[in-house]
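Residue numbers (the numbering used here): 4 to 276. Just so you know, even glycine gets a beta-carbon here, dropped at the ideal spot from N, CA and C.
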């Protein structure tokens with residue numbers, strides 16, 4: 004069984020290296036400003052800010068992980084048995100272009116069933132163009148809170164930064180419950196994402212990584228949903244045609260566990276898989 008400490012330490016090293024590379028790229032663009040003409044000044048300035056913001060955020064997240072790794076407690080059993088009683092057959096999970104760190108699960112009429120919001124508020128409106136430069140913010144480390152049907156905190160969801168994706172699910176008060184893994188199946192063009200609780204796989208998403216179609220199954224191999232990245236539902240085309248995310252077609256839509264919704268939101272945070 005992989006320990007929380009080991010996973011977080013690896014994430015810390017990976018993010019520190021990635022952040023350092025991005026900061027080095029920023030310094031290259033900053034330095035080149037003094038050797039180019041005025042016409043390229045604006046171009047270099049934009050790239051400097053974009054790489055600088057990403058590099059500092061990812062490096063800081065990695066450094067904090069390295070410091071806190073040994074203090075992290077092990078995985079505990081998820082005792083959250085709450086479930087959504089019934090979902091519509093077709094839904095959409097995604098975020099508005101102006102709110103990249105706030106995603107919702109919608110029905111086709113636009114009603115919100117649940118949502119994730121950034122845990123630590125940081126007004127980044129003036130930086131949105133630069134954040135969007137990096138795949139709509141997918142490179143940035145972010146901590147979210149997942150709400151239940153009653154608007155109460157159900158889970159804390161943490162997405163680590165960098166070019167390699169990993170997420171964690173915690174209780175709102177801190178203890179770790181689960182983490183995600185990603186594996187590319189060689190020679191097939193397919194990828195498998197797994198939601199691991201301790202040492203056991205509870206959910207997995209397998210499918211074509213290029214077009215972004217995945218089947219969501221549980222540990223008994225029962226099919227729960229099919230998700231399609233950036234697919235436009237014909238019955239709500241105007242509502243979702245500019246919203247990054249996934250069309251969700253439920254195959255089992257009764258008593259949907261909240262942990263499955265947490266997994267879907269984690270997949271949604273990494274739309275460029």
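Original post:
Is it buried or exposed for residue 6, if we count other Cβ within 10 angstroms and need 16 for buried?
Top reply: exposed
Original post:
Looking at C-alpha atoms only, which residue of 266, 186, 45 and 165 is the closest neighbour of residue 14?
Top reply: When 266, 186, 45 and 165 are compared, the shortest CA-CA separation from residue 14 is found for 165.
Original post:
In this structure, does DSSP put residue 168 in helix, strand or coil?
Top reply: coil
Subject >> Limits of the beta strand (DSSP E) - the one that residue 106 falls within >> reply: 105 to 110
**OP:** Report all residues from its chain with a CB closer than 6 Å to the CB of residue 230; omit the five preceding and five following residues, and keep chain order.
**Re:** 217, 249 and 251
Original post:
Per DSSP, residue 16 is paired with what?
Top reply: Under DSSP, residue 16 shares a beta bridge with no residue.
Original post:
In terms of DSSP beta bridges, what is residue 249 paired with?
Top reply: As DSSP reads the structure, residue 249 sits in a beta bridge with 96 and 232.
**OP:** For residue 256, collect the residues of the same chain with a Cβ closer than 7 Å to its Cβ; drop the 5 residues on either side in sequence, then sort them by chain order.
**Re:** 89, 90 and 92
Subject >> Stretch pair the segment 23 to 38 + the segment 54 to 62: three plus CB contacts closer than 8 Å >> reply: In short, these stretches touch, since the Cβ pair count reaches three.
**OP:** Return the residue from the list 203, 148 and 232 that minimises the CA-CA distance to residue 265.
**Re:** Of the listed residues, the one whose Cα sits closest to residue 265 is 148.
Original post:
Pairing CB atoms from the segment 232 to 248 with CB atoms from the segment 67 to 86, are three or more of them under 8 Å?
Top reply: With the rule of 3 Cβ pairs closer than 8 Å, the segment 232 to 248 does not count as touching the segment 67 to 86.
Subject >> Exposed unless 16 or more other CB atoms sit within 10 angstroms - verdict on residue 61 >> reply: By the neighbour-count rule (16 or more Cβ atoms within 10 Å), residue 61 is buried.
Original post:
Can you name, in chain order, every residue of its own chain whose Cβ lies under 7 Å from the Cβ of residue 203, other than the five neighbours on each side?
Top reply: Cβ neighbours of residue 203 within its own chain (closer than 7 Å, five residues either side excluded): 222.
Subject >> Same chain, Cβ closer than 7 Å to residue 180, neighbours up to 5 away in sequence not counted >> reply: 78, 79, 81, 172, 173, 174 and 200
Original post:
If you draw a straight line from the alpha carbon of residue 53 to that of residue 258, how long is it in whole angstroms?
Top reply: 43 Å
Subject >> Through-space distance from residue 158 to residue 152, alpha-carbon basis >> reply: Using only the alpha carbons, I get a separation of about 12 Å.
Original post:
Can residue 8 and residue 106 be called in contact, C-beta distance under 7 Å?
Top reply: no
Subject >> Candidates 69, 112 and 64: closest to residue 161 by CA position >> reply: Residue 64 is the option with its Cα nearest to residue 161.
Original post:
Helix, strand or coil: which one does DSSP assign to residue 190?
Top reply: coil
Subject >> Identity of the residues DSSP links to residue 198 by a beta bridge >> reply: 183 and 206
**OP:** Note down the Cα distance separating residue 193 from residue 271, rounded to an integer number of angstroms.
**Re:** Computed Cα separation, rounded: 17 Å.
**OP:** Look at the alpha carbon of residue 214 and the alpha carbon of residue 38, and state the distance between them as a whole number of angstroms.
**Re:** 42 Å
Original post:
So, residue 146 versus residue 122, is the Cβ gap smaller than 7 Å?
Top reply: With respect to residue 122, residue 146 sits close: the two C-beta atoms are nearer than 7 Å.
Original post:
Which stretch, first to last residue, makes up the alpha helix (DSSP H) that contains residue 36?
Top reply: Where residue 36 is concerned, there is no enclosing alpha helix (DSSP H), given that its DSSP letter is neither H nor E.
Subject >> Buried or exposed by the 16-neighbour rule on C-beta atoms within 10 Å, applied to residue 183 >> reply: Residue 183 should be labelled buried.
Original post:
Got a sec? Which residues, its chain only, sit under 6 Å from residue 126 by beta carbon, not counting five neighbours each side?
Top reply: Residue placement at residue 126 is flagged as unreliable, the pLDDT there being 47, under the threshold of 50; the coordinate-derived value follows with that caveat. If we look at residue 126 and ignore the five residues flanking it on each side, it has no Cβ neighbours.
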